[in-house]
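Shown next, in structure tokens, is the structure this report addresses.
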Amino acid sequence: MKQISKLDYPFSKRPPDGGTIEVETNVFWLRMPLPIALNHINLWLLEGNEGWTIVDSGMATKESKAIWNNIFTESLKKKPVEEILITHMHLDHSGLAGWLASKWNIEPHFTEKEFLETVKINKGMSNDQQRIYLDYYKKCGYDEEAQLHFIERAKYRQSLITKLGNSFQGLDDQQTVKLSDGPWKVIIAQGHSPSHACLFSEEKNIFICGDVLLPRITPNVSVNPVYPDGNPLKEWLDSLKNIKQTDSRRCPGITLTRIPLQRCSCKN
């Protein structure tokens with residue numbers, strides 16, 4: 020059996036909660052705390068000559084807003100935020116997208132599917148949507164207590180996201196998007212979420228992969244009750260084939276590391 024290379028962690032120390040480390044010229048790693056079992060997320064700040072790009076936002080909590088306000092005051096070198104890019108719709112990545120966009124009066128970058136899913140979370144579940152989910156989970160073995168827990172969690176989720184505006188800047192697969200520090204290639208991945216945007220800088224040899232590829236665990240890849248016959252696992256494995264083509268330092272949502280290419284070589 021072929022041995023998989025060990026993970027390479029290029030930084031012996033991680034940033035403190037709310038702190039940043041420059042991992043490459045003009046690329047800053049921000050560790051944002053989360054009020055859940057997964058207690059932090061990695062966000063990214065890209066510095067250009069005229070301003071900054073924020074990649075992912077954190078959840079809508081008082082602590083996260085305070086951290087962002089401190090960064091705006093202390094870390095941006097009196098330059099504005101020019102762009103906000105959200106990799107996907109999950110709340111730890113998109114929760115403050117609306118707040119940040121409103122604060123800087125800019126349209127956030129999303130893929131279309133991720134933007135529409137984020138808007139759905141904003142609006143909350145209708146009774147009909149809730150019924151679709153609960154009917155599916157009943158078939159999967161949810162008892163009454165688990166169903167009530169699902170309903171409460173759905174309500175809690177809404178408290179962790181801020182309202183988005185009515186428009187966004189679109190992202191497409193293989194598109195080159197000009198961000199504050201230069202060009203980044205968009206690579207769309209599926210499985211973890213409908214249309215997750217990853218970013219690759221050939222110049223810097225850095226791949227911002229969000230939650231598609233993680234160092235110690237696999238991402239959450241699960242069937243959506245709205246599409247019970249879907250095959251998100253196949254979509255995710257197919258996406259890894261595209262990621263494998265970028266032999267780069269990878270920046271996941273959790274812990275910066277260089278993830279060996281063999282870990283993208285999963286077989287169906």
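In terms of my numbering, the sequence shown opens at residue 20 and continues consecutively. A virtual CB, placed ideally from N, CA and C, is assigned to each residue, including glycine.
Is the beta carbon of residue i less than 8 angstroms from the beta carbon of residue j?
i: Ile103; j: Leu119; result: yes
i: Trp48; j: Ile55; result: no
i: Leu65; j: Leu198; result: yes
i: Ser241; j: Pro251; result: yes
i: Trp123; j: Leu95; result: no
i: Gly114; j: Gly77; result: yes
Leaving out five residues on either side along the sequence, give the residues of the same chain with a beta carbon under 7 angstroms from the beta carbon of residue i.
i: Arg176; result: Leu110 and Ile140
i: Ser258; result: Ala208, Gln209, Gly210 and Val231
i: Asn243; result: Gly249
Could you give the DSSP three-state label for residue i: helix, strand or coil?
i: Leu179; result: coil
i: Asn243; result: coil
i: Pro202; result: strand
i: Leu218; result: strand
i: Lys260; result: helix
i: Lys197; result: strand
Which residues in the same chain as residue i place their Cβ atom closer than 8 angstroms to its Cβ, once the five residues preceding and following it in sequence are excluded?
i: Phe13; result: For the chain, the structure presents residues 20 to 287; residue 13 sits outside this window and is missing.
i: Pro339; result: One cannot answer for residue 339 here, as it falls past the ends of the chain, which runs 20 to 287.
i: Gln166; result: Leu153, Tyr156 and Lys157
What residues in its chain sit with their C-beta under 6 angstroms from that of residue i, if we drop five residues either side in the sequence?
i: Gly37; result: Ile86
i: Pro202; result: Thr195
i: Asn261; result: Ile206
Have a look at residue i and residue j and give me their C-alpha separation to the nearest angstrom.
i: Gly229; j: Thr106; result: 7 angstroms
i: Ile236; j: Gln149; result: 30 angstroms
i: Lys32; j: Arg50; result: 12 angstroms
i: Leu179; j: Pro127; result: 18 angstroms
i: Asp191; j: Pro213; result: 13 angstroms
i: Cys285; j: Lys81; result: Note that Cys285 scores 47 on pLDDT, short of 50, meaning its location in the model is unreliable; the coordinates nonetheless yield the value given after this. Roughly 40 angstroms between the two C-alpha positions.
i: Val297; j: Lys253; result: Because the chain is modelled from 20 through 287, residue 297 falls outside the range shown and cannot be assessed.
i: Glu164; j: Leu256; result: 34 angstroms
i: Lys84; j: Ala116; result: 11 angstroms
i: Pro52; j: Asn88; result: 15 angstroms
i: Phe219; j: Phe129; result: 16 angstroms
i: Phe187; j: Glu222; result: 27 angstroms
i: Asn185; j: Met108; result: 16 angstroms
Q) Could you give the uninterrupted runs of the alpha helix (DSSP H) lying entirely in the segment 114-177, keeping only those of 4 residues or more? A) 116-123, 131-142, 146-158 and 163-177
Q: Taking only runs that begin and end inside the segment 44-105, name each unbroken beta strand (DSSP E) of 3 or more residues, in chain order.
A: 46-52, 59-66, 71-74 and 100-104
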